[in-house]
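Colleague: So the sequence lines, in the order shown, correspond to chains A and B.
Counting from 1 along the first sequence, just add 209 to a position and that's the residue number in the working numbering.
Counting from 1 along the second sequence, just add 10 to a position and that's the residue number in the working numbering.
One structure, pasted below without further comment.
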Amino acid sequence: MAWQCAKCGVDLAPKSTVFSYMGMTFAHEVLRCPVCGLVFIQKELADGKMAEVEQLMEEK
Amino acid sequence: MTELRQEDTTKITERCFQGEPASCSHGCPFFFDIRTFLLRAKEGKWGLAYKLYRNAVVFPGIVSKLCGAPCRAECQRGFVPGEGEDEGRDAPVDVRAIEAAVCAYAKDQRPVSYRIPPKDKRVAVIGAGLGGLAAALGLAQKGYGVTIFRCGGEPEDALTQFQDEIDLQFSAVEITWEDGAGISETDAWPKDFDAVLKTKGDGSSVLPLARQQEPSPFVFSIGGTGPISSLAAGIAVVNDVEAWLMTNGAAGATSPGSKAPRPQKHYLDHPGEARLPLIAAADPAQGYTKEEAIAEAQRCMGCDCRKCFDVCEMLMAFGKHPQKIAVEAYADTKAVPPFSSCSLTRETYSCNLCGKCKEVCPVGIDLRELFALAREGRAETGKHPKAYHDFWLRDFAWHRGEGAYAALTEAGYVFFPGCKLGERMPAQVEKAAALLKEEYGAGILLDCCGAPAYWAGETALFEEHLNKIRAVWESAARPTFVFACAYCQRIFAERLPEIAGVSLYELLTQAEGSSLSASSPSALVFDPCAAAGFPAMRAAVRGLAAHAGVVTEDLPEAEAFRCCGFGGHMRLANPDLYESIAVHRAAAGAEKYLVYCANCADAFDLAGKENVHILDLVLGVPASAGMTGETAGMAGGLGARRAGAVRTKDALMQLYEGTPFVPEAKPWDQITLTIPQTLLGEMDGRLITEEDLKEAIYTAEKTGDRFFDGDVYQCSLAGSVITVWVQYRQGDHGNYDYAIIDAWSHRMHIEADV
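Following this line, the structure appears as structure tokens:
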């Protein structure tokens, strides 16, 4: 099995997504529903790369 | 608040003398940084030590033999008391003997050859005593054409024994030597020079460093009371002469810094410093061996003030001097990311704002004030990471809103338990309130003191809150506030000084109705940081404990009033530091702690340190009724804490008006969750609440915005500052029951979610 969008019933696919933090915006490819666009963030991403970038932004 | 200015922050730390030369330097004619020199000597780095010495005194081979070592009188080793000879004091460090050893053991003593292009200005130096030689050498090193006129006489004759040292130090410069016999007596100044340096010549009388305006060339006079002070004057005049030459004789021109006042001299106390006997050279004629010189240098205590560092994990972790912190705190409010960065973010938000640093600072520098100002300045300019304080500000909003309660009486007291005590110990708050009501007719004001807004730098919110409390006080015949929390009492004392305050513990000592019962035979009192300013509160807690049959002891002085880690709400800004602080505090004493701050109790629960709250000891409320230990505090999770606060308000409403508290209903109230204990602990660390998860699941179930993988669902709840994610399954107890698998959060905002 793989994660699916519960509303649209389709598999998720990577897509460039815009994030913002501390007044800065940047794009990163994350899993999303290809139909409705709902963004899926896994714990590994939130605690890993995202937390790392958040810390960097906070230092700026 | 008006825009932060640099002087707003730098004036706080301007008296800090960390890093400035020690008292011994103040005794030295050269203001030599003896502390750093001895550090190099301790390490046996003779070459580095020699360079420092050479740069300060120009002729190390002469000074190490002629100096009268006035630094001895200023050496703080000499202040260390003890028994025995030398009037009961330790002997000062023998710096001169170490200097001689450095001159003996430094391998490469060749002077540095500076590649400075020659300048077209010429300087005459009349007199080749130590002052004249030093000035000539300094100016030649800067590229000026220097001619020394030898005048003869005692000072020059006395130097013949040091000719090798003089030749060595002059070996890297070009100098013209001339016979100047009789030149100073006739005032027949040599022509074709842009400046003339006149030395007194006999070294016998005081001729202070001064400049005399004469037609041309400009004449500088130098001299001293002896060879060493003449040498110091000769070294000092170099920058003045250069400034004059570079400005083509502009009146009053001085080199930057040449007239700057020396920093103030400070002596430190050295508690517990043991005496160390002076190292005597085995062969006095030969001076110290290397080992002897190192041993003697090790007697130097390296007198530099690190008092604030010694009592603060945060300052120690970042290692920045207070004066540097002050400059950066201001600069951070002016940073324009991404073009320029803030440099003090983590420090600013890692401070506990406890004030221990000020307590130990010999000149009373208050870094709490500085970091509070820094947070204020950053919040004002939008340069604050909101995620650090978002949870606490939402919690504050609840406590000052729905969670607040006031029942004022005509009596002279109103009980102000604060917000955290009720979260942890509702039954104890209820019991204390009932006692105060019965004994004193006291009213109740359940609210927050505003610390979360102060700690977040949200000044406008803080002021508004204080104004609200002041208005309540004024509306109720201005009662005395009865505080259970030292930090509340501190905030009131500082920000609402017109409101009289007393601690709950002082009143309980007097209250006849308090039923005292002891469960622990002895404990170490862990005074909260803010109790430093309230000796009566501290004494009352000890008195209550004694009355309950508990033998109390104090923590060592150095450990007293250090924050448990909760202060400043720094946990999210620096989780590692938070944990290390809690562990250090827990390790400060082996015995069980007696605490009287709910936050200290929480911090120690988290660190696994056995502790008991004074109210648990003396109010005779069963622990289970008080939700202490395993059922409340951090071990019970944030949900238990909110439940405690609700229960407290309910109990107080029942006590004062006989009606229950009915919390505002939420659509997700019917949801029940099962959360693994380990995850609950993790959620607490991230400040994610059960309420957050319920709202996220409720919203996802309603909108359908969720993901699934088999029977596992995942959804999110985007708040204005953080986004919470939750993974869950349907539970076994009906449609609204869910089993939580995992939960996490991030601070980035997802801009494009469609």
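Ideal Cβ positions, reconstructed from N, Cα and C, are used throughout, including at glycine.
(1) Rounded to the nearest angstrom, how far is the Cβ of Thr562(B) from that of Ala570(B), given a contact under 8 Å?
(2) Could you run through the segment 585 to 606 of chain B and flag, in chain order, every residue whose CB is less than 7 Å away from some CB of chain A?
(3) What do you get for Tyr124(B), buried or exposed, if any count of 16 or more other CB atoms within 10 angstroms of its CB means buried?
(4) By the 10 Å Cβ neighbour count, where 16 or more other Cβ atoms means buried, how is Tyr277(B) classified, buried or exposed?
(5) Express the C-alpha separation of Val68(B) and Asp256(A) in angstroms, rounding to a whole number.
(6) Where do the ends of the beta strand (DSSP E) carrying Leu418(B) lie?
(7) Indicate whether at least one CB of chain A lies closer than 8 Å to the CB of Asp465(B).
(8) Could you name the residues of chain A that Ser123(B) contacts, counting a contact when the two beta carbons are closer than 9 Å?
(9) With a threshold of 7 Å, establish whether the CB of Trp212(A) neighbours any heavy atom of the ligand NAP.
(10) Can you name the start and end residues of the beta strand (DSSP E) that Gln171(B) belongs to?
(11) Nearest to Arg652(B) by alpha carbon, out of Ser74(B), Leu431(B), Val321(B), Arg82(B)?
(12) Kindly indicate the opening and closing residues of the alpha helix (DSSP H) around His394(B).
(13) Can you give me the C-alpha to C-alpha distance between Ala661(B) and Gly575(B), rounded to a whole angstrom?
(14) With a Cβ-Cβ cutoff of 8 Å, do Ala114(B) and Gly297(B) count as a contact?
(15) Establish whether the CB of Lys258(A) and some CB of chain B are separated by less than 8 Å.
(16) Where does the unbroken beta strand (DSSP E) through Met233(A) begin, and where does it stop?
(17) Any idea which residues DSSP pairs Ala444(B) with across the strands?
(18) Whole angstroms are fine: how far does the CA of Pro121(B) sit from the CA of Glu263(A)?
(19) With H, G and I counted as helix, E and B as strand and the rest as coil, what does DSSP make of Ile751(B)?
(20) Taking only beta-carbon positions, decide if Ala222(A) is within less than 8 Å of chain B.
(21) What did DSSP end up calling Ala205(B) once you bin it into helix, strand or coil?
(22) By the 10 Å Cβ neighbour count, where 16 or more other Cβ atoms means buried, how is Ala642(B) classified, buried or exposed?
(23) How would you label Pro566(B), buried or exposed, when you count the other beta carbons within 10 angstroms and need 16 or more for buried?
(24) Just list the residues that DSSP pairs Lys275(B) with in beta bridges.
(25) Please tell me whether Ile501(B) and Cys459(B) are closer than 8 Å, where the distance is taken between their beta carbons.
(26) In the structure shown, what three-state DSSP assignment does Phe47(B) receive?
(27) Compare the C-beta of Val301(A) with all C-beta atoms of chain B and state if any pair is closer than 8 Å.
(28) For the segment 746 to 763 of chain B, which residues have a beta carbon sitting closer than 8 Å to at least one beta carbon of chain A?
(29) If you draw a straight line from the alpha carbon of Ser282(A) to that of Asp18(B), how long is it in whole angstroms?
(30) When you compare the CB positions of Pro348(B) and Lys258(A), do they come within less than 8 Å of one another, or not?
(31) Show which residues of chain B have a CB atom less than 9 Å away from the CB atom of Glu267(A).
(32) Can you find a CB in chain A that lies within less than 8 Å of the CB of Tyr723(B)?
(33) Would a check of beta-carbon distances place Val219(A) closer than 8 Å to chain B?
(34) By the criterion of Cβ-Cβ separation under 9 Å, what are the contact partners of Glu263(A) in chain B?
(35) When DSSP labels each residue in this structure, what does Lys619(B) get in the three-state scheme?
(36) Quick check for students: name the residue ranges of the beta strand (DSSP E) that lie wholly in the segment 633 to 715 of chain B, counting only runs of 3 or more.
Modeller: This is what the structure holds:
(1) Not quite, the Cβ-Cβ distance comes to about 13 Å (not below 8 Å), so this is no contact.
(2) none
(3) exposed
(4) exposed
(5) 58 Å
(6) Looking at the DSSP string, Leu418(B) is not in any beta strand (DSSP E), and its letter there is neither H nor E.
(7) The question names Asp, yet the displayed sequence has Trp at residue 465(B). Judged by the 8 Å Cβ criterion, Trp465(B) is not in contact with chain A.
(8) Within 9 Å Cβ-Cβ: nothing; Ser123(B) doesn't reach chain A, min ~43 Å.
(9) As for the ligand NAP, it is missing from this structure, which has no ligand bound.
(10) Here Gln171(B) belongs to no beta strand (DSSP E), and DSSP marks it neither H nor E.
(11) Leu431(B)
(12) No alpha helix (DSSP H) holds His394(B); DSSP gives it neither H nor E.
(13) 30 Å
(14) yes
(15) no
(16) 233 to 241
(17) None; Ala444(B) has no bridge partner.
(18) 51 Å
(19) strand
(20) no
(21) strand
(22) With a pLDDT of 41 at Ala642(B), under the threshold of 50, the modelled position of that residue is not reliable, and no figure is offered here.
(23) exposed
(24) Its beta-bridge partners do not exist; DSSP assigns none.
(25) yes
(26) helix
(27) Lying outside 210 to 269, the shown extent of chain A, residue 301(A) is not represented and no answer is given.
(28) Asp752, Trp754, Ser755, His756, Arg757, Met758, His759, Ile760, Glu761, Ala762, Asp763
(29) Since the displayed chain A opens at 210 and closes at 269, residue 282(A) lies outside it and no answer follows.
(30) no
(31) Cys352, Thr355, Arg356, Tyr359, Pro395, Ala397, Tyr398, Ala583, Arg757
(32) yes
(33) no
(34) Pro395, Ala397, His756, Arg757, Met758
(35) coil
(36) 682 to 684
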